Amino acid sequence: MMRDKNRERRVRSEILDELANTPRGYMQPEKALAASLRLSIVPPPSDAEVLEALARLEADAMIHCDVSSLGEKRWCITGIGRAALYES
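FYI, the numbering for the sequence shown is 59 to 146, going by the numbering used here.
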């Protein structure tokens, strides 16, 4: 159980870090974000882990999502997310 919590924290932290390194004003496509996470975390997170982490971070107002008219999701970090990242 503790290992699962640590993994969840790691996935969320990597999402915040990745989005914090995206130039301000730009939003990262969900597919690109997920691909980057799979390269930086061993073993790579599943789609379900990524989606759960994104949903939790969005619910906590740490990230924001815009959905295009074609249904593509794009993400950016919020001020709350940036503050949480630099606290840890």
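Backbone N, C-alpha and C define an ideal beta-carbon position, used for all residues, glycine too. The structure presented is a predicted model; accordingly, all values stated were derived computationally and were not measured.
Proximity winner among the options, relative to residue i (alpha-carbon distances)
i: residue 125; options: 89, 139, 107; result: 89
i: residue 133; options: 119, 144, 96, 145; result: 119
i: residue 82; options: 144, 140, 146, 145; result: 140
i: residue 63; options: 116, 110, 135; result: 110
i: residue 84; options: 145, 123, 112; result: 123
First through last residue of the alpha helix (DSSP H) which encompasses residue i
i: residue 105; result: 105-117
Boundaries (first-last residue) of the beta strand (DSSP E) holding residue i
i: residue 135; result: 131-135
i: residue 121; result: 121-125
Through-space distance from residue j to residue i, alpha-carbon basis
i: residue 235; j: residue 74; result: Because residue 235 is not part of the residues shown, which for the chain are 59 to 146, the question remains open.
i: residue 108; j: residue 69; result: 7 Å
i: residue 77; j: residue 127; result: 22 Å
i: residue 102; j: residue 66; result: 12 Å
i: residue 117; j: residue 142; result: 14 Å
Close-in-space but distant-in-sequence residues of the same chain around residue i (CB under 7 Å, 5 per side omitted)
i: residue 87; result: 130, 132
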